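Numbering-wise (the numbering used here), the sequence shown opens with residue 5 and increments by one.
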Amino acid sequence: NIASVTNALDRFSVKYIVTRDPQTILSADKVIFPGQGRAGSAMADLRAKGLDTVIKQIKTPFLGICLGMQLLLPFSEEDSTECLGIIPGKVRRFPGGVKIPQIGWNTVTQTKKDFLFNGVPETAYAYFVNSYFVDTEEKYTIGASQYGPTRYASIIKKDNFYGTQFHPEKSASIGLQILKNFCQPIIIP
C-alpha cells in the first residue's frame with residue numbers, strides 16, 4: 005500500500021517522506037497512514053515501535069487508509085484487537101450473506117460537507133478491499149457506503165484525524181482528488 009500511495013502522490017508532485025521516525029512524524033505538515041494486513045499484527049508493530057503513542061500526539065492533518073482508518077477506533081473484532089481509541093466506535097466483521105472480503109468498486113456518499121470532497125461528486129465510486137467495517141456515530145461519519153445489508157462509515161473525521169475505508173490511491177480520478185485535497189494547505193477548525 006505504501007508504494008501505491010507514493011505513486012499517487014508523485015502524480016501531483018507532492019513532496020513526502022516515508023518514515024517510522026517519531027520526530028519526523030510529529031513535525032510533518034500532514035501524515036498519511038496506509039495500513040495493511042491484520043489489526044492484531046499492525047497494532048503489535050505500532051506498539052513495539054512506540055508509534056501508537058506518537059499517532060495520538062499528532063496535531064496536524066492525519067489520513068488513515070483502509071486498516072489505517074480502522075486502527076483509529078478503540079477496538080477491532082479482527083483478532084479482538086485493542087486499537088488507538090482516537091475516534092469512538094468499533095470495527096466489526098461484515099455479517100454473513102455477503103462475499104468476504106468486499107473487493108472492488110462501491111459507492112461512497114457524502115454525509116457532511118468537508119474540504120476533502122472539493123471537486124468530488126456527492127456520490128462517487130471508490131475501490132475497496134475489506135472484511136471489516138467501521139461502526140461509529142453519525143457525527144464522525146462524513147461519507148457512507150453500503151455492502152449487502154450493512155450501511156457503514158467509509159470516510160470518518162474527528163478533529164484533525166480522517167480515515168477512508170476505501171483506497172483513494174486506487175480509486176481513479178475521484179480518489180486522487182481526495183488525496184490531492186488532503187495534501188493541499190488547509191485550516192482545520
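For every residue, glycine included, the Cβ atom is placed at its ideal position computed from N, Cα and C. The model shown is predicted, which means the values in this text are computed figures rather than measured ones.
query                                                                                                                                                 : result
Quick one: give me the first and last residue of the alpha helix (DSSP H) that residue 7 is part of.                                                  : 6-15
Using the beta-carbon count (16 or more within 10 Å), is residue 16 buried or exposed?                                                                : exposed
Do you know offhand how far residue 133's Cα is from residue 42's?                                                                                    : 12 angstroms
Tell me the start and end of each unbroken beta strand (DSSP E) in the segment 112-142 that is at least 3 residues and wholly inside, in chain order. : 127-134 and 136-139
Suppose contacts are defined by Cβ-Cβ distances below 9 angstroms. Is residue 91 in contact with residue 115 by that definition?                      : no
Report the three-state DSSP secondary structure of residue 101 (helix, strand or coil).                                                               : coil
Do residue 157 and residue 140 come within 9 angstroms of each other at the CB atom, strictly closer than that value?                                 : yes
For a test of the three-state rule: what should DSSP assign to residue 43, helix, strand or coil?                                                     : helix
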